[in-house]
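What follows is a single structure, written as structure tokens, with notes after it.
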Amino acid sequence: MEVSMTVNGTTYTNDVEPRTLLVHYLRENLRLTGTHVGCDTSSCGACTIIVNGETVKSCTLLAVQCEGAEIKTIEGMATNGKLHPIQESFREKHGLQCGFCTPGMIMSSWQLLERNPNPSEDEIRHALEGNFCRCTGYHNIVNAVQDAANKA
Amino acid sequence: MGDLIGKSVKRVEDNRFIKGEGKYTDDFNMDNQTYAIYVRSPHAHANIKGVDTSKAEAMEGVVKVFTGKDIADAGIVGSICGWQVDFKNGDTMKEPGHPIMVADKVRHVGDAVALVIAEDRQTARDAAGLVEVNYEVLDAVVDPKKATQDGAPLVHDDVPNNTIFDWELGNKEETDAAFEKAHHVTELSYHNQKLIPNAIEPRAALGHYDSNEDKYTLYTTSQNPHMARLIIAAFVLSIPEHKLRVISPDVGGGFGSKIFVYNDECGVLWAAKQIGRPVKWTADRTEAFFTDCHGRDHVTDAKIALDKEGKIIGLRTKTYASLGAYLSNFSSCVPTYLHGTLMQGLYTTPAVHVDVTAVVTHTVAVDALRGAGRPEAAFAIERLVETAAREIGMDPAEFRLKNFIPPFDGVKQPGYQTQVALQYDSGNYEGALKKALKNANYEKLKKERDKARSDGKLMGIGFSTYVEACGIAPSAVVGSLGARVGLYDAASIRVHPTGKVSIYTGAHSHGQGHETTFSQIVADSFGIGMEDVHVVHGDTEIVPFGMGTYGSRSLAVCGSAIMKSVDKVKEKGARIAASQLECSPDDLEFANGSWTVKGTDKSVGFGDVALKAYVPHNPYPENEEPGLDFASFYDPANFVYPFGAHICVVEVDKDTGEVKVTRYITVDDAGNIINPMIVEGQVHGGVAHGIGQALYEGAVYDDSGQLLNGSMLDYCMPRADNFPMFETDTTVTPCPHNPLGVKGIGEAGTIGSTPAVVNAVIDALSDYGVKDLQMPLTPQRVWGAMQS
């Protein structure tokens, strides 16, 4: 099936198998490999992206469901070479180690701060419970989100 | 040294990761690439009566289907065990083979039976579903202790009683005598449960064979690419080592599970040659649950003996350690030399005896997982110590302080010789605990606990103090203990003509921040900027050699190799500088990036010397080779012995049994610290992993060998809302035997935390008379214990 969507400001049209997951479309058809696959049960959150202004685990959607959608992936978070403040904060606060969960974490953090610009620690932890990290114990991820909130 | 060491320098590797530009194995693709899916056994134990691949092969888009018979016909033996631990009576360790795919019998759910290769991933998956395997299902055994009983189903016909070896360490007679004269004995029996590693990046491989050069390339998720090359070339596929390039690019976490050379990756490389096209395989998460090496799985009886003053006079453990269905690379050393040797802990215990029976079961192979043997030892000791203190009515902190080995720095005081083979390098155990007590404000905390209890709340305080052995290890020592490898590491420093520096390390970073830490030490050593230094790792074609990253060894071992190369650069640099300054090298001192004639202002800079090394004339020392490029191998003189004290505070919900960790206080001592930010981050992650074991995680098998929680929906992974902010601190007791005075911090958090959490929960439940609970401490278990 043909599907057309705008990803990080560029419109792509591709012929895909109807069963192709959005995450596989992004990674394999568009070669946007910043979005990661960490599980097969929509548990880990590594594939979290923004579809029409809301975060979605991109393993839970078929590519063909995104006809006409506006999509932003981690590769589109920086603008004109300038990092998004959340990206800056992850670096500043050592909110990442191996980096594999990081794109999804940044996306989920973005969603939280869109909805709640001044979240408490508990609210941050709650908002990120759908994103697994094995490296950081989440401690510095929470610090990074708080830091990003403070910058805004 | 300059001023970078000891600073929380921001990580140089982060730029690519925060932009989604990290390059992990599955991010690589090759022209004409195919996709592979393994067909895996749904049964834990079954005879294979037949495999029919015809329907799969007939499917459009399928390139090839291989089976266990193809592997057997090719004479491929599969991956190997790298450490021989023989029976007490001298009999040789049993080493059942583990073919890349099995032809006759499956021995755990997930055992590979066939490999389907197709033009795309979906076709490969569809075709895998068409491979028909006729199984004759057999009884299975999953419990390590039951596996040794007569009549238990055998995992391998040539391994009687499923026993791979039995092993002991320490003095049995003296320990018997200690227990006979003991004033008080505390006993615990428990299952240190099987854990699933769950690095967030699943394992993956991309194999390529170039027939023109007879050259293999394997991109793979490995913590130690050179070891992968050696094992694959020399043992598994019998190909010339110099014709195999292993590239381990960015790796999304390892925690031990990516140390090992798995058959799956070997099969991908082998298949790439057979079909003459690149083959890509990426495990899905379910597959990871059924094939990544698991951790722990010890069934243990542990005892501690006290005299009437509350001094520990003896400790003994008997453990049945599962190795799973097959022997993974380091599986035999984890329950022995990484476990038994730590069983004295940080106490003066004069008699210790450790007995381990290593067994095979119909479960996924068990090998090193963050801590690897040491968490199991710390759990035994620290649960015993805390329980014993409670039983004799002594404060657990006071009990520990009474029994600690007194401080020793390994320089003025000698290292401490334990009853179980190791000689600790340096330690100040009371220093760490006293600092933790102060940071926790223990006296106030106890009052809070009393108040909470009088208010009807179940608050508990738990301790754990640990010493661990990492920075593995002196090759001669491990060789004498059965290791079939040396455990040195290697690092090269190439100073370029313009004075810029490349560092090539055998250590492999998969989250540890080597690109930053190693740059800090080299930039500081040469008095140049971080931006003038670049770290290269993970490619056997570029990095000369190395033994990889595990066992918290990168800085202690590879960092020391780096320092050896630094010294060589400086020595040669001094000779070049001396020729320019018309003096003897002995007249020079190096500081702030320059060689200066002592007592004068005559100096020459690092960059000038570098250039001179590559433009070697006018002047240049006679008979001096051009260039400024050195490789070094460092074989450590001893293990390094980090230690620390952890205090956990919990609250247990009376109605649901749910445990909430409300405070977690750590004081860890990893010797000198290069980057405090990275050290703290390692502690955070380690503590979370250890709390995960205490409260949430654990493989659940039924009696038929089915893993009942083999997905992230079913296996409880620790989440952001499970933890408080951790209160970390350090003490510094330098390692006396390596150039940087460093120890290791990657596993400390995991080793220290698990018993602290369990101790805290038992404390919270003290009014209910609960003395022990099996991990994980789920609400169901805790609530159940409160009701009984």
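Just so you know, the sequences run in chain order A and B.
In terms of the working numbering, the first sequence opens at residue 1 and continues consecutively.
In terms of the working numbering, the second sequence opens at residue 1001 and continues consecutively.
Cβ atoms here follow ideal geometry from the backbone N, Cα and C, with glycine treated the same way.
Quick one: list the residues of chain A neighbouring residue i, beta-carbon separation under 8 angstroms, in chain order.
i: Met1677/B; result: His94
i: Phe1723/B; result: Arg125, Gly137, Tyr138, His139
i: Phe1726/B; result: Gly137, His139
i: Val1251/B; result: Cys98
Can you check DSSP and say which residues form a bridge with residue i?
i: Ala1118/B; result: Tyr1035/B, Val1062/B
i: Ser1502/B; result: Arg1494/B, His1534/B
i: Gly1460/B; result: Val1650/B
i: Arg1663/B; result: Val1649/B
i: Thr1317/B; result: Ala1302/B, Val1354/B
i: His1689/B; result: His1689/B is not bridged to any residue.
i: Gly1295/B; result: Leu1195/B
i: Glu123/A; result: Glu123/A pairs with nothing; no bridge assigned.
i: Ala1631/B; result: Ser1492/B
Pop quiz: residue i and residue j are said to be a contact at Cβ under 8 angstroms. What is the actual Cβ separation, rounded to whole angstroms?
i: His1737/B; j: Ala1637/B; result: 4 angstroms
i: Ala1556/B; j: Gly1744/B; result: 5 angstroms
i: Asn1722/B; j: Glu1382/B; result: Rounded, the Cβ-Cβ distance is 21 angstroms, inconsistent with contact.
i: Gln1077/B; j: Val1360/B; result: Before going on, a small fix: residue 1077/B reads as Val here, not Gln. Contact flag wrong, Cβ pair sits at about 17 angstroms.
i: Tyr1614/B; j: Asn1224/B; result: The Cβ separation is near 33 angstroms, so there is no contact.
i: Gly1529/B; j: Phe1606/B; result: Not quite, the Cβ-Cβ distance comes to about 11 angstroms (not below 8 angstroms), so this is no contact.
i: Ala1147/B; j: Asn1162/B; result: 4 angstroms
i: Ala1351/B; j: Ile1665/B; result: Going by Cβ atoms, the distance from Ala1351/B to Ile1665/B rounds to 32 angstroms, so no, they are not a contact pair.
Run through chain A and tell me which residues come within less than 7 angstroms of residue i, C-beta to C-beta.
i: Phe1290/B; result: Those within 7 angstroms of Phe1290/B in chain A number zero; the least Cβ separation is about 12 angstroms.
i: Asp1126/B; result: By Cβ distance, chain A contributes nothing, its closest Cβ being about 10 angstroms from Asp1126/B, past 7 angstroms.
i: Thr1286/B; result: Asp40
i: Ala1199/B; result: Arg134
i: Met1717/B; result: Phe132
i: His1684/B; result: Thr136, Gly137, His139, Asn140
Rounded to whole angstroms, what is the Cα-Cα separation between residue i and residue j?
i: Met1/A; j: Asn29/A; result: 14 angstroms
i: Ile1196/B; j: Asp1297/B; result: 10 angstroms
i: Ala1271/B; j: Glu1136/B; result: 28 angstroms
i: Ala1128/B; j: Leu1115/B; result: 8 angstroms
i: Phe1255/B; j: Ser1579/B; result: 49 angstroms
i: Ala1283/B; j: Arg1203/B; result: 6 angstroms
i: Cys1470/B; j: Pro1755/B; result: 19 angstroms
i: Leu1713/B; j: Gly1685/B; result: 21 angstroms
i: Asp1214/B; j: His24/A; result: 33 angstroms
i: Val1261/B; j: Ser1248/B; result: 12 angstroms
i: Ala1178/B; j: Arg1484/B; result: 36 angstroms
i: Lys1055/B; j: Lys1064/B; result: 12 angstroms
i: Lys1451/B; j: Phe1463/B; result: 20 angstroms
i: Thr136/A; j: Lys93/A; result: 11 angstroms
i: Asn1263/B; j: Val1113/B; result: 12 angstroms
Identify whether residue i lies in helix, strand or coil by the three-state DSSP scheme.
i: Ile71/A; result: strand
i: Arg1390/B; result: helix
i: Gln1794/B; result: The structure shown does not extend to residue 1794/B, since chain B spans only 1001 to 1788, so no value can be given for it.
i: Val1102/B; result: coil
i: Phe1404/B; result: strand
i: Arg1245/B; result: strand
i: Arg1107/B; result: coil
i: Arg1370/B; result: coil
i: Arg1040/B; result: strand
i: Asn29/A; result: helix
i: Phe1165/B; result: strand
i: Leu1445/B; result: helix
i: Leu21/A; result: strand
i: Phe1260/B; result: coil
i: Ile1562/B; result: helix
So residue i contacts chain B; which residues on that side make the cut at Cβ distance below 9 angstroms?
i: Leu83/A; result: Asn1015, Ile1018, Lys1019
i: Arg115/A; result: Ordered by position in chain B, no residue passes the 9 angstroms Cβ test against Arg115/A, which lies about 16 angstroms from the chain.
i: Thr102/A; result: Asp1014, Phe1017, Ile1018, Gly1020, Gly1022
i: Ile74/A; result: Ile1018, Lys1019, Gly1020, Glu1021
Say the cut is 7 angstroms; is the CB of residue i nearer than that to a heavy atom of the ligand SAH?
i: Asp1539/B; result: No copy of the ligand SAH occurs in the structure displayed, which carries no ligand at all.
Run down chain A in chain order and give the residues with a C-beta less than 9 angstroms from the C-beta of residue i.
i: Leu1713/B; result: Cys39, Thr41, Ser42, Ser43
Please list, in chain order, the chain B residues whose beta carbon lies closer than 8 angstroms to that of residue i.
i: Ala63/A; result: Correct list: empty, because the minimum Cβ distance to chain B is about 13 angstroms.
i: Thr33/A; result: Gly1020, Lys1023, Tyr1024, Asp1026, Asp1027
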